[in-house]
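In the working numbering, the protein residues as written are 148 to 452.
Following: one structure in structure tokens, then a few remarks.
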């Protein structure tokens, strides 16, 4: 049982890291641009499909991974320049309607290009198999690689935002867009870079997750909902909040699905305990979100208005 508990902890860590890649880009766009982007999940889907397609054409998962980053970043930059740029001065309802339309466009375009059948990504040979963990259980090497890669990207993102000139401009743009524009910073170019960066992170997450499940049209919307939960918990515009919120949601969801059915077995038969526990587990992250909003409406690391 202890080994199974440790395995689920690692699964929760992997889930949280993947959510961070999705939520960090979303919170950057939301915090810097003040834009509600419902199409962020579509960029996640673009990355997954690009990785699957390039890997199938070339036989290399690594080229597929590069393809996912490039495709999502290019798609994000084009969307920002063609559509999003016209929405900054509009109210949030216009932003919601426009980005919802982008979801439909991306979904139908992807279905037209790849068809309605799911695609599948194979784990590269070098990362296949399992490794024995300290608790004595075997854990897939590829899942460990996803955790390491996700944490590495998180560290790189923190360094980018906190230690580079681009990061200074991003943080300044979040604080006072008018001032940095008056100081000579090309605000349009900055917004395009931020949007493309967020899209690339979402595409990378889609490529990673595509190896553990099928790649299909509409796969980004459920993850987008979780990403919004994450930025509400962590605080809008906070990268640290996105990381803490992602890990909190990942552990809560994974451990809830593992522990609650076991707890209910003392009161119900195994089938009923599993059904009740799974249903309650799916509600846990929203209960956590409501609790955080009740105690701290701006999120754990958000700035008070």
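Each residue gets a CB set at the ideal place from its N, CA and C atoms; glycine is no exception.
Since residue i and residue j should fall inside the 8 Å C-beta cutoff, what is the C-beta to C-beta distance between them, to a whole number of angstroms?
i	j	result
residue 267	residue 361	6 Å
residue 505	residue 278	Nothing about residue 505 can be reported from this structure: the residues present for the chain run from 148 to 452 only.
residue 275	residue 288	7 Å
residue 192	residue 352	Contact doesn't hold; Cβ gap of about 11 Å is too wide.
residue 231	residue 342	7 Å
residue 173	residue 345	7 Å
Taking only three categories from DSSP, how would you classify residue i?
i	result
residue 179	helix
residue 185	coil
residue 362	strand
residue 243	helix
residue 230	coil
residue 401	helix
residue 266	strand
residue 414	coil
residue 394	helix
residue 236	coil
residue 311	coil
residue 305	helix
residue 447	coil
residue 206	coil
residue 385	coil
Comparing C-alpha positions only, which one of the options sits nearest to residue i?
i	options	result
residue 198	356, 326, 226 and 246	356
residue 273	184, 352, 209 and 416	209
residue 187	215, 288, 225 and 246	246
residue 407	396, 418 and 427	427
residue 423	403, 439 and 367	403
residue 304	155, 167 and 162	167
residue 354	179, 338, 296 and 335	296
residue 262	363, 409 and 430	363
residue 284	153, 442, 439 and 434	153
residue 371	393, 412, 359 and 441	393
residue 337	180, 171, 350 and 270	180
residue 225	259, 315, 201 and 190	190
residue 440	270, 325, 420 and 377	377
residue 436	395, 242 and 421	395
residue 359	177, 195, 172 and 174	195
Along the chain, where does the alpha helix (DSSP H) containing residue i start, and where does it finish?
i	result
residue 369	367 to 381
residue 421	417 to 442
residue 272	First-last for residue 272: undefined, no H or E at that position.
residue 353	334 to 356
residue 325	324 to 329
How far does the beta strand (DSSP E) with residue i in it extend, from its first residue to its last?
i	result
residue 285	285 to 287
residue 278	277 to 279
With burial defined as no fewer than 16 other Cβ atoms inside 10 Å of the residue's Cβ, what is the status of residue i: buried or exposed?
i	result
residue 162	buried
residue 255	exposed
residue 205	exposed
residue 366	buried
residue 385	buried
residue 229	exposed
residue 333	exposed
residue 390	buried
Can you find a CB in chain B that lies within less than 9 Å of the CB of residue i?
i	result
residue 214	Reference to chain B is not applicable here, since this structure consists of a single protein chain.
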